[in-house]
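As structure tokens, the structure follows; a few thoughts come after it.
Number of protein chains: 2
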Amino acid sequence: MVVREEARKMKLAAPHMAAASEEMRNAALQKIIETLEENRDAIFRENALDVQAAEETGVAKAVVKRLKFDENKLRDAIAGIRQMIGLTDPVGKVTLKRELDEGLVLERVSVPIGVIGVIFEARPDALIQISALCIKSGNCAILKGGKETARTNKILFGLVHGAAVAAGLPESCLLQVELHNEIDELLKCQGDVDLLIPRGSNQFVQYIMDNTNIPVMGHAAGICHIYLDERADLAKSVPVIVDAKTQYPAVCNAVETLLVNRKIADTALPVVLQALTEKGVMLRGTQEVAELVKGLLAKGCFGEARGNVCASQEANSVGDVQEPLEKRYEVEIMGEDDFATEYTDLIISLKLVDDVAEAADHINKFGSHHTDCILTEDDAAAEYFLQMVDSAGVYRNCSTRFADGFRYGFGAEVGVSTGKLHARGPVGLEGLVTYKYRLIGEGQLVGDYVSGKKQFHHKDI
Amino acid sequence: MVVREEARKMKLAAPHMAAASEEMRNAALQKIIETLEENRDAIFRENALDVQAAEETGVAKAVVKRLKFDENKLRDAIAGIRQMIGLTDPVGKVTLKRELDEGLVLERVSVPIGVIGVIFEARPDALIQISALCIKSGNCAILKGGKETARTNKILFGLVHGAAVAAGLPESCLLQVELHNEIDELLKCQGDVDLLIPRGSNQFVQYIMDNTNIPVMGHAAGICHIYLDERADLAKSVPVIVDAKTQYPAVCNAVETLLVNRKIADTALPVVLQALTEKGVMLRGTQEVAELVKGLLAKGCFGEARGNVCASQEANSVGDVQEPLEKRYEVEIMGEDDFATEYTDLIISLKLVDDVAEAADHINKFGSHHTDCILTEDDAAAEYFLQMVDSAGVYRNCSTRFADGFRYGFGAEVGVSTGKLHARGPVGLEGLVTYKYRLIGEGQLVGDYVSGKKQFHHKDI
């Protein structure tokens, strides 16, 4: 396949795809549900071959788990499409209607972006989700999935594409790219591809951004913060910190850095660090934090002499292994610049700050503008944080892990954007449309307005 | 000045600028009006030196005219700021408010983009307009104006910046860059500068796009089209074509290509070409057009035997000069690829098409997605055109020259975007904001929703 030629064909098909009625687009989604259900056994068979091949080549168990496409994943994927059918049509919304002058009416109407290239990791449900989002929003899409699920992707793509075409959508509405070197061809399709959405490792996303003139939407890093304020409610806050760090540490919305108000460090750190280390989290931090923790340890603040908040938790144990307190609470000293690190692992960076202002400055300097949270009962501190932190998501008293299209009620997401233009945060249907201005006149000339013969009256209607 | 350091300072000031109240931002605009009025004589003095220097170095008269900042331009600039004070605040608009679950509320709120770098041509009023747009929208801005108005820019910047700071905005809210080589420094400020808006020649904008990792908003070309449909009302249409081509041919929203329906070419071309050539427009076109025009000329369709529509116009004269009809109606033959040409001059490309579908295909292939117009009385053809043409502006029966922020009622514009992401068409205040998601909870954990202990209910409130 010559990607450039296929992309050009798709570009010409894009206005026809954009003109497809809401009924037709929803009918395509309905047909996709039916065909997936009818072909479940064949899908599972292909997926089993992918999984077997991965196991044979020694792919890590955690990764193999992600490759699996079973009854549960099919059910969830279908539930996602069903939910999407019910969502309001993102296309054709009139967001401005203004009479510029008598008989000269301006409208701003939402329209699909056109041709979107999505390069995603080896997760079969991603193919279904992304295709469905693009169909619902009237976009043509070029899809390249991870090679570890090549067989599953192939059968899924065939079924999804067949259903879309059977429902009346253009043949060129969806295209699958299967070879890794075709990604580089795709990067050169400026003019035909309107937007690239790469998902995957930081390096991969950065590679895409550095090697194309096509606009790229995505995030290259997810360095999320939690600031534990002096007026935080510890009983409420500690589980949030644990959830944000440990519930799924490999993802971009997991927390990487905990900033603790200096005034409460003595009392908060024992409770927080006990809860984190209990889940196997390793500690890094400034020299100040390392020394403070050492001092607290010497005073017996961890273990026996711990505060009431965590009294119900079993101390000093990680699983069944007993380890010396000194080892468990060892804080590896890190430099200032190390705070710009995304671990995506059970490691957390620790720093003390004087107040919410210092916390916000640190986050704006070292963060990735993804999602950051303040834990506090102080409304003024919370408002300052929400206002001053320059991130797509600014949270109060809840886990950073909520930054997700499904959790926001978008049905699904094509990715999370840490850029500030177009779409920010989890990107659902609204991020896949743009708009055009329609101006309807009766022969009006600009010359008449420049000469002063006529005047605009700009009446919103 | 080290631009990188100044940009970094500005980045840290940006959240404070974004937090400035609407009252403070409007007060700054009011103060700018006052200081401009108080210092009018000094401004005119500096401008006179710029103009004198330009004349001495032999700058073309048309350009010198653009450099002048006189009573009229000051009055218009002040009227623009006054209008902007009255516009709705673009910052702090809540565009989504949703209860994800009990006590967990998501809000999407519009916020300034942050730090914007604007590089603009030698037009003193542009400095005032751009500063005012950035202040109104809560953005910090780095401004680099054309060197031909260096003295005027310097005094204007000092007055505008002084007024903004006096009104309480951060010292680093505006920065002027004066040296040309500092543009290259500015291009390297990714991370600190959120958006670049270059204005000027195609090559210049393309240079900026090719040499920075900072997102760029703007247009590299304005290849606008008019399609004259078989059901066009010629009496209404001919003046629109003339206005779109000749009212100000040097700008991006002037028309470059006229597509004529083959069925009406015989009758329409004599009228249209007479009106265009009367204004000095030179003709280019396909071989088919060249031959057709030659044939029409031989039949005497131009000059004596012309139709009624143009009977009131004086034929065959361009100014006072009489020239042979053959010369006046000579169509220089052009190749297919030449249609992707922006003349910004009194030249027009001509082509015949079978129908609105062929017209739309041509525009999508050769246009720059700026602004394109259909002239027709046929509602179905118009609707097809407005739907299928993939441009920021799609017009019916009016001049492409209406594509402009002031004419759209945006108060002013920082530029016109031909990109499809973020902002499209004339970019006013709304294009200078983005949004953030605020999520307010009471200690909610993602783990509870993953395990099924809790469910989202997603109620819009």
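First to last, the protein sequences are chains C and Z. Heads up, the first sequence is in the working numbering, so the first residue is 97 and it goes up one at a time. Heads up, the second sequence is in the working numbering, so the first residue is 97 and it goes up one at a time. C-beta: ideal position from N, C-alpha, C; glycine also.
DSSP, reduced to helix, strand and coil, places Q225 (chain C) within a helical segment of the structure shown.
Across the set Z:A138, Z:G287, Z:R295, Z:E426, the C-alpha of Z:E426 shows the shortest separation from the C-alpha of G391 (chain Z). In the three-state DSSP reduction, L183 (chain Z) falls in the coil class, being neither helix nor strand.
Here I181 (chain C) is near L125 (chain C), since their CB atoms are less than 8 Å apart.
When only Cα atoms are considered, R162 (chain C) and Q299 (chain C) end up about 20 Å apart. For E101 (chain Z), not one C-beta of chain C is nearer than 8 Å to its own C-beta. In the three-state reduction of the DSSP assignment, M113 (chain Z) falls in the helix class, which pools H, G and I. The beta-carbon distance between L223 (chain C) and L252 (chain C), rounded to whole angstroms, is 5 Å. This is short enough to meet the 8 Å contact definition. Across the structure, V214 (chain C) and V542 (chain Z) are spaced so that their CA atoms are roughly 27 Å apart. Counting the other CB atoms within 10 Å of its CB gives D306 (chain Z) a total below 16, which places it among the exposed residues. Taking the Cα positions, L330 (chain C) is about 12 Å away from V338 (chain C). Going by DSSP, D197 (chain Z) is part of no alpha helix (DSSP H) but of the beta strand (DSSP E) stretching over 190 to 197. Comparing alpha carbon positions, the residue from Z:G242, Z:F506, Z:A350, Z:V347 closest to D185 (chain Z) is Z:F506. Three or more pairs of CB atoms, one per stretch, sit closer than 8 Å, so the segment 230 to 237 of chain Z contacts the segment 521 to 531 of chain Z. Per the coordinates, the alpha-carbon of P266 (chain C) lies some 25 Å from the alpha-carbon of M313 (chain C). Contacts between P111 (chain Z) and chain C, judged by CB atoms closer than 8 Å, involve A456, N460, Q483, M484, V485, D486 in chain order. For A149 (chain Z), the secondary structure class from DSSP, reduced to helix, strand or coil, is helix. Residues of the same chain with a CB within less than 7 Å of the CB of E281 (chain Z), apart from the 5 flanking positions on each side, are V99, R100 in chain order.
By DSSP's assignment, I429 (chain Z) forms a beta bridge with Z:G381. The beta carbon of A263 (chain Z) sits closer than 7 Å to the beta carbons of M120, A123, A124, K127 from its chain, once the five residues preceding and following it are set aside; these are given in chain order. The contact set of D339 (chain Z) on chain C, defined by CB atoms closer than 7 Å, consists of L541, V542, G543 in chain order.
In the three-state scheme derived from DSSP, where H, G and I count as helix and E and B as strand, I304 (chain C) is classed as helix. Between V261 (chain C) and L239 (chain C), the C-beta gap is not smaller than 8 Å, which leaves the two residues out of contact.
Take S495 (chain Z), set aside five residues on each side of it, and the residues of its chain with a beta-carbon closer than 6 Å to its own are V336, D339, A340, in chain order. In this chain, the beta strand (DSSP E) harbouring I293 (chain C) covers 291 to 294. Assignment of beta-bridge partners to Q286 (chain Z) by DSSP yields Z:V289.
A residue is called buried once 16 or more other Cβ atoms fall within 10 Å of its Cβ, and E167 (chain Z), having fewer, is exposed. Residues of the segment 282 to 314 of chain C whose Cβ lies closer than 9 Å to any Cβ of chain Z, in chain order: D290, L291, M305, D306, N309, P311, M313.
In chain order, V427, E428, I429, M430, D434, I443, I444, S445, L446 place their CB closer than 8 Å to the CB of R380 (chain C), counting only its own chain and leaving out the 5 sequence neighbours on each side. Leaving aside the five residues that flank H553 (chain C) on each side, the residues in its chain whose CB is nearer than 8 Å to its CB run, in chain order, E195, L196, D197, E198. V452 (chain C) is outside the set of residues whose beta carbon lies under 8 Å from a beta carbon in chain Z.
Here the alpha carbons of K555 (chain Z) and L132 (chain C) stand approximately 30 Å from one another. For the segment 429 to 494 of chain Z, the continuous beta strand (DSSP E) assignments of 3+ residues that do not extend past its boundaries occur at 443 to 449, 467 to 471, 489 to 494, in sequence order. For A237 (chain Z), no alpha helix (DSSP H) segment is defined; the enclosing uninterrupted segment is the beta strand (DSSP E) at 236 to 240. In this structure H321 (chain C) touches G463 (chain C) by the C-beta definition: roughly 6 Å separates them, less than 8 Å.
The alpha carbon of C285 (chain Z) has as its nearest neighbour, out of Z:Y533, Z:H466, Z:L275, Z:K107, the alpha carbon of Z:K107.
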